[in-house]
Ligand code: NAD
Ligand code: MN
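In full-length UniProt numbering, the protein residues as written are 1 to 359.
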């Protein structure tokens, strides 16, 4: 049966790179017999200017019926950033219980990394970030307003269920993908309530996976190690805030925002998962035709992998690496000279002409 996916291009370069991902989707349908139906939704800042909301009232209800969501990026100077984020991305992540944020940190062949002198070709791990609670809980507030002792309180909420869910997913993933180690980011020396609880619960899960080594490292030291010994990592497990910061660092060491994909996963399959580049709408380059579409196409590959099409995922990554071997065919951010659409067209050509290893 055909899979059904919802496509939300969003604002700025989100829409530009989504165009290229859709070209790839079309070539997969026409040449790789991918059976996929999709609908495109115009929920972005233009929509907000017309309707004073980012999502229609029945938006989540509509999305619920898809097998997966491919998202571009949002952000526009006419709408405050916290509105675009909290009215579009957050409701989707929360309603669909996408409690895993998954980010591969992999230096593709042909991509330059600031660590090339010491670690060329050794950067290849994944980050599992808790995506629904922890430090990003909308709990707290201002107290003693306009008084000398005014203060702000932001509560972090860690639940046993939440920690078990993300840790269980990380260890399952490690088992399934033949990794031998999970590294947990902690800070229980200084954050003594939530992080000690995190360590205790993650430790219990780790005990149940005898074949996987488990280590916990303080997140500050872990950040340094991402730069100094990135080859040490396989699966990195982190809370919402730590995972957010570590994954931007991961993206930087693996070659930059233009190529970094991510997945918001609902492991139970009860609701659709959402796949999106790590980058935003990049107003500084929007409309110039210079955005790198690779992060968006890689996100599409993750979507296909999630729907059980591992072979297509691998094939798209091979095609991307083939593309990267010729700098005239990629965008400026990764040292090339091509435009967004030229890059997409080249990728389509590679996929169309070169089905090597694909049955
Ligand atoms: P950004 O990711 O949009 O841009 C950061 C820098 O990276 C910019 O210089 C940009 O030109 C460059 N860049 C990003 N993607 C690129 C690509 N594909 N190719 C080439 N260069 C690329 O982050 P920002 O500037 O902090 O935010 C801009 C807007 O995007 C804001 O409104 C923000 O809220 C929004 N945002 C949205 C998401 C999302 O939709 N999930 C994520 C991050 C930021
Ligand atoms: Mn972030």
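Note that CB positions come from ideal geometry on N, CA and C, so glycine has one too.
Quick caveat: nothing in here was measured; it's all calculated off a predicted structure.
N- and C-terminal bounds of the beta strand (DSSP E) containing residue i
i: residue 17; result: Taken as a continuous stretch (DSSP letters only), residue 17 belongs to no beta strand (DSSP E), being part of the alpha helix (DSSP H) at 13 to 31.
i: residue 259; result: Taken as a continuous stretch (DSSP letters only), residue 259 belongs to no beta strand (DSSP E), as it is neither H nor E.
i: residue 37; result: 36 to 40
Paired residues, beta bridge with residue i - DSSP
i: residue 140; result: 154
i: residue 129; result: 101 and 238
i: residue 367; result: The question about residue 367 has no answer here: the residues shown for the chain are numbered 1 through 359.
i: residue 70; result: 7 and 275
i: residue 168; result: DSSP, once it has assigned bridges, lists no residue as partnering residue 168.
i: residue 134; result: 157
i: residue 106; result: 124
i: residue 76; result: 79
Beta-carbon proximity list for residue i, same chain, < 8 Å, skipping 5 on both sides
i: residue 140; result: 152, 153, 154 and 155
i: residue 342; result: 329
i: residue 223; result: 245, 246 and 249
i: residue 128; result: 100, 101, 102, 166, 169, 170, 173, 235, 236, 237, 238 and 243
i: residue 295; result: 17, 257, 258, 259, 260, 261, 277, 278 and 279
i: residue 98; result: 92, 131, 132, 264, 265, 266, 271, 273 and 274
Alpha helix (DSSP H) segment containing residue i, residue limits
i: residue 299; result: 294 to 306
i: residue 373; result: Limits of the chain in this structure are 1 at one end and 359 at the other, which puts residue 373 out of reach.
i: residue 229; result: Looking at the DSSP string, residue 229 is not in any alpha helix (DSSP H), and its letter there is neither H nor E.
i: residue 323; result: 310 to 324
i: residue 119; result: 116 to 119
i: residue 53; result: No alpha helix (DSSP H) holds residue 53; DSSP gives it neither H nor E.
i: residue 95; result: 90 to 95
Coarse secondary structure for residue i, derived from DSSP in three states
i: residue 218; result: strand
i: residue 184; result: strand
i: residue 330; result: coil
i: residue 64; result: coil
i: residue 203; result: helix
i: residue 248; result: helix
i: residue 58; result: coil
i: residue 213; result: strand
i: residue 284; result: coil
i: residue 270; result: coil
i: residue 2; result: coil
i: residue 175; result: helix
Pair within 8 Å by beta-carbon distance, residue i and residue j
i: residue 96; j: residue 271; result: yes
i: residue 285; j: residue 74; result: no
i: residue 255; j: residue 107; result: yes
i: residue 217; j: residue 183; result: yes
i: residue 115; j: residue 230; result: yes
i: residue 76; j: residue 45; result: yes
i: residue 352; j: residue 24; result: no
i: residue 347; j: residue 34; result: no
Cβ neighbours of residue i in the same chain (closer than 7 Å, five flanking residues each side left out)
i: residue 136; result: 240 and 241
i: residue 8; result: 41, 43, 69, 71 and 72
i: residue 201; result: 160, 163, 164 and 167
Proximity test, Cβ basis, 8 Å: residue i and chain C
i: residue 283; result: The chain labelled as chain C is not found in the depicted structure, where only one protein chain is given.
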